[in-house]
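Participant: Please see the structure below; I have some questions.
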Amino acid sequence: MLSRAFRHSALAASLSKTIPGVSTTAALPHLKHGILFNRAKANSCNILRTFSSSKLFNVQQHFNVRANPVDGNQVQVQWDANTESLFQHVWLRDHCRCPSCYHPQTRQRLVDTFAIPVDIKPRSVQANEGGLTVVWDNDEHKSVYEWAWLKNHSYNPPLKGKVELHSPKPVLWDASIANAPPVVQYEEVMTTKAGLAKWLDNIEVYGFSFVDGVPVSLEATEKLARHICFIRESHYSPGLWDFTSDLAHADTAYTDLALKAHTDTTYFSDPVGLQMFHKLEFDGTGGESLFVDGFKVAQSLKEQHPKAYDTLSTLKIPTHSAGDEKVMIVPTPREQSILNHLSDGTLYQIRYNNDDRSTLSNLTASQVDEFYDALRKWNDELTSDRNQYWESLEPGRVVVFDNWRVLHGRASFTGHRRLCGAYLNRDDFKSRVRSIKYSPEEKSTLL
Numbered sequence: 100m101l102s103r104a105f106r107h108s109a110l111a112a113s114l115s116k117t118i119p120g121v122s123t124t125a126a127l128p129h130l131k132h133g134i135l136f137n138r139a140k141a142n143s144c145n146i147l148r149t150f151s152s153s154k155l156f157n158v159q160q161h162f163n164v165r166a167n168p169v170d171g172n173q174v175q176v177q178w179d180a181n182t183e184s185l186f187q188h189v190w191l192r193d194h195c196r197c198p199s200c201y202h203p204q205t206r207q208r209l210v211d212t213f214a215i216p217v218d219i220k221p222r223s224v225q226a227n228e229g230g231l232t233v234v235w236d237n238d239e240h241k242s243v244y245e246w247a248w249l250k251n252h253s254y255n256p257p258l259k260g261k262v263e264l265h266s267p268k269p270v271l272w273d274a275s276i277a278n279a280p281p282v283v284q285y286e287e288v289m290t291t292k293a294g295l296a297k298w299l300d301n302i303e304v305y306g307f308s309f310v311d312g313v314p315v316s317l318e319a320t321e322k323l324a325r326h327i328c329f330i331r332e333s334h335y336s337p338g339l340w341d342f343t344s345d346l347a348h349a350d351t352a353y354t355d356l357a358l359k360a361h362t363d364t365t366y367f368s369d370p371v372g373l374q375m376f377h378k379l380e381f382d383g384t385g386g387e388s389l390f391v392d393g394f395k396v397a398q399s400l401k402e403q404h405p406k407a408y409d410t411l412s413t414l415k416i417p418t419h420s421a422g423d424e425k426v427m428i429v430p431t432p433r434e435q436s437i438l439n440h441l442s443d444g445t446l447y448q449i450r451y452n453n454d455d456r457s458t459l460s461n462l463t464a465s466q467v468d469e470f471y472d473a474l475r476k477w478n479d480e481l482t483s484d485r486n487q488y489w490e491s492l493e494p495g496r497v498v499v500f501d502n503w504r505v506l507h508g509r510a511s512f513t514g515h516r517r518l519c520g521a522y523l524n525r526d527d528f529k530s531r532v533r534s535i536k537y538s539p540e541e542k543s544t545l546l
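Structure, rendered in structure tokens:
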């Protein structure tokens, strides 16, 4: 199971550290269940030392705990000879994990943050097998902080090896992925946890995954989509959409025209996270599906044309959807960048559909030149044969892809072509991934 593997690898390696040369024999005084206790109260001169055996990770840890002697406003945790953390009193009280302050089932804060005295101080600080125990001076409330949780949430300083709620590192790809695309089987996905985990992992790592052996029906496709999370409604459909080239909506997707590589719903404040396609019927020619790894294209653009990359990352572009009579959708904020980054510079989202771009009246004259130059270079990468993966989807093969990463398109076609599919929210997809990956204990440690 993924959660078990995670528990004995990533978390254990990151949150626990075996101390070489430490003996837990009778030679140590006051040893009880692997714990060396000193029950003196913590102040500027009393230090508490312990050797603790973590219940969750089953490895030894060494701690020195003391009240900070500098300003009397912090508790110090010494993880080893070279690593320490400082926690301010108000932070500790606000993060008390007892059932009265933090609901054990809902994992929501119950403590009244604003009732905590500004100058709150501990009456005592102790290092116990279960974690750091603090009794507060103002009301004698007792707070216990598990060691794994405390170490993972160290902020002064942030510690190396902290386990974050990050996705696995993406594997970038180009047209050669056609030789071995990520695929799972429908029965495996629907009947086993391992199959579901593999499917979700494919989507996280590669940005897409095929599912083969899907019954050729709306019902089976919808069941597969809901196996991840609920289906997102939109102005196109109240749930699973089912369409042909009948122009049922005023959108080029509802025609037989070719579509260049793009992401969907750039005009939403929160673009859809995942898309699912299933071709149910086709009796014509053409219509192959196109997929491009936007992260790979962005990397190439950054390496070859860093100025263009910076332009698409900083200039804000307006978008809209307004083809249907009762529809006029624009995002908030009104303009958005094509390439969007986290605070550490990591690219996390691509919002690009040249067809849905609104009038560029928000740019200066110099920015207009910069934008079109950057856009041409971006388009050159998108349309390069080395980056385009074409696939003739057949009935029974479903594709799910990350709409924040993978751009899609299609070739023009003739004949009757019936496609069904769904939009899924990114937050709900990521929640499903974490529910498979993390045990309840790990969830509590990470939050």
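In the numbering used here, the protein residues as written are 100 to 546.
Where is the CB? At the ideal position from N, CA and C, for every residue including glycine.
As the structure is a computational prediction, the values presented were derived from the model and not from experiment.
Compute the beta-carbon to beta-carbon distance between Ile-327 and Phe-528, rounded to the nearest angstrom, for a pair I have assumed lies under 8 Å.
Facilitator: Right, the Cβ-Cβ distance comes to about 6 Å (below 8 Å), so this counts as a contact.
Participant: Mind checking Tyr-488: buried by the 16 CB within 10 Å criterion, or exposed?
Facilitator: By the 10 Å Cβ count, Tyr-488 comes out buried.
Participant: Please report how far the alpha carbon of Ala-166 lies from the alpha carbon of His-188, in whole angstroms.
Facilitator: Confidence at Ala-166 is low in this model, with a pLDDT of 41, below 50, so the placement of that residue is unreliable and no value is reported for it.
Participant: Use the C-beta contact count for Tyr-52: other C-beta atoms within 10 angstroms, 16 or more gives buried, fewer gives exposed.
Facilitator: A question about residue 52 goes unanswered here, because the residues of the chain that appear run from 100 up to 546.
Participant: Can you tell me the Cβ-Cβ gap for Leu-438 and Ala-397, rounded? I've got them flagged as a contact below 8 Å.
Facilitator: Contact flag correct, Cβ pair sits at about 6 Å.
Participant: Mapping DSSP to helix, strand and coil, what is Glu-245?
Facilitator: Three-state result, Glu-245: coil.
Participant: Helix, strand or coil: how does DSSP classify Phe-512 here?
Facilitator: Looking at Phe-512 - three-state DSSP - the assignment turns out to be strand.
Participant: When burial is assigned at 16 or more other CB atoms within 10 Å of the CB, is Pro-221 buried or exposed?
Facilitator: Buried.
Participant: What's the gap between the Cα of Gly-294 and the Cα of Asn-301?
Facilitator: Gly-294 and Asn-301: Cα-Cα distance of roughly 11 Å.
Participant: Excluding sequence positions up to five away, which residues of its chain have a Cβ less than 6 Å from the Cβ of Ser-543?
Facilitator: Taken in chain order, the list of residues that qualify is empty.
Participant: In angstroms with no decimal places, state the Cα-to-Cα distance between Val-391 and Asn-255.
Facilitator: One C-alpha to the other measures close to 42 Å.
Participant: Where do the N-terminal and C-terminal ends of the alpha helix (DSSP H) with Phe-528 fall, by residue?
Facilitator: 525-536 is the extent of the alpha helix (DSSP H) around Phe-528.
Participant: Expressed to the nearest angstrom, what Euclidean distance is found between the alpha-carbon atoms of Ser-530 and Leu-523?
Facilitator: Distance between the alpha carbons of Ser-530 and Leu-523: 12 Å.
Participant: Answer with buried or exposed for Asp-355, where buried requires no fewer than 16 other C-beta atoms within 10 angstroms of its C-beta.
Facilitator: With 16 or more Cβ atoms within 10 Å of its Cβ, Asp-355 is classed as buried.
Participant: If we cut at 9 Å on Cβ distances, does Asp-238 have a partner in chain C?
Facilitator: Looking for chain C here will not work: only one protein chain is present.
Participant: Give me the residue from Ile-416, Leu-358 and Phe-394 with the minimum Cα distance to Glu-469.
Facilitator: Closest by alpha carbon: Ile-416.
Participant: Nearest by alpha-carbon distance to Glu-380: which of Gly-393, Asp-218 and Leu-317 is it?
Facilitator: Here the closest residue by C-alpha is Leu-317.
Participant: To test your reading of the DSSP string, which unbroken alpha helix (DSSP H) runs of 4 or more residues are found completely within the region 170-234?
Facilitator: With a minimum length of 4 residues, the continuous alpha helix (DSSP H) runs that stay inside the region 170-234 are 188-193.
Participant: Using only CA atoms, which one of Ala-247, Ser-266, Arg-206 and Leu-191 lies nearest to Trp-235?
Facilitator: With distances taken between Cα atoms, Trp-235 lies closest to Leu-191.
Participant: Return the residue from the list Ser-412, Asn-452, His-404 and Lys-395 that minimises the CA-CA distance to His-419.
Facilitator: Answer by Cα proximity: Asn-452.
Participant: Are the beta-carbon atoms belonging to Val-310 and Gly-393 less than 9 Å from one another?
Facilitator: For Val-310 and Gly-393, no; Cβs fall outside 9 Å.
Participant: For Gly-520, list the residues DSSP reports as bridge partners.
Facilitator: According to DSSP, which records beta bridges pairwise, Gly-520 is partnered with Trp-340 and Phe-376.
Participant: Can you list, in chain order, the residues of its chain with a C-beta nearer than 6 Å to that of Glu-490? Leave out the 5 residues immediately preceding and following it.
Facilitator: So the list reads Ser-388, once near-sequence residues are dropped.
Participant: Per DSSP, what kind of secondary structure is Asp-472 in: helix, strand or coil?
Facilitator: Note: Asp-472 maps to helix in three-state DSSP.
Participant: Check each candidate in Asp-454, Glu-303 and Leu-474 and name the one with the smallest Cα separation from Pro-267.
Facilitator: With distances taken between Cα atoms, Pro-267 lies closest to Glu-303.
Participant: Kindly list the residues whose CB is nearer than 6 Å to the CB of Glu-493, restricted to its own chain and excluding five residues on each side of it in sequence; keep chain order.
Facilitator: Excluding sequence neighbours, Glu-493 sits near nothing in its chain.
Participant: Please classify Thr-362: does DSSP put it in a helix, a strand, or coil?
Facilitator: Coil at Thr-362, not helix or strand.
Participant: Out of curiosity, what's the CA-to-CA distance linking Trp-340 and Trp-477?
Facilitator: Each residue's Cα considered, the two are about 31 Å apart.
Participant: Taking its Cβ as the centre, do 16 or more other Cβ atoms sit within 10 Å of Val-233, making it buried, or is it exposed?
Facilitator: It counts as buried.
Participant: Thinking C-alpha only, which one of Gly-385, Leu-546, Leu-411 and Lys-401 is nearest Gly-514?
Facilitator: Answer by Cα proximity: Gly-385.
Participant: Which word fits Asp-89, buried or exposed, when buried means at least 16 other C-beta atoms lie within 10 angstroms of its C-beta?
Facilitator: Since the first residue shown for the chain is 100 and the last is 546, residue 89 is missing from the structure and cannot be characterised.
Participant: Can you tell which of Pro-314, Lys-261, Phe-367 and Leu-459 has the C-alpha that lies nearest to the C-alpha of Pro-432?
Facilitator: The option with the nearest alpha carbon to Pro-432 is Phe-367.
Participant: Tell me the rounded alpha-carbon separation between Thr-410 and Gly-306.
Facilitator: Whole-angstrom Cα-Cα distance: 25 Å.
Participant: Could you give the distance in angstroms between the alpha-carbon of Ser-275 and the alpha-carbon of Asn-486?
Facilitator: Those two C-alpha atoms are separated by around 8 Å.
Participant: Mind pulling the beta strand (DSSP E) runs of 3 or more residues that sit fully within the region 261-333?
Facilitator: Here the runs fully enclosed are 282-284 and 307-311.
Participant: Based on the DSSP secondary-structure assignment, which residues constitute the bridge partners of Asn-439?
Facilitator: In DSSP, Asn-439 forms a bridge with Gln-448.
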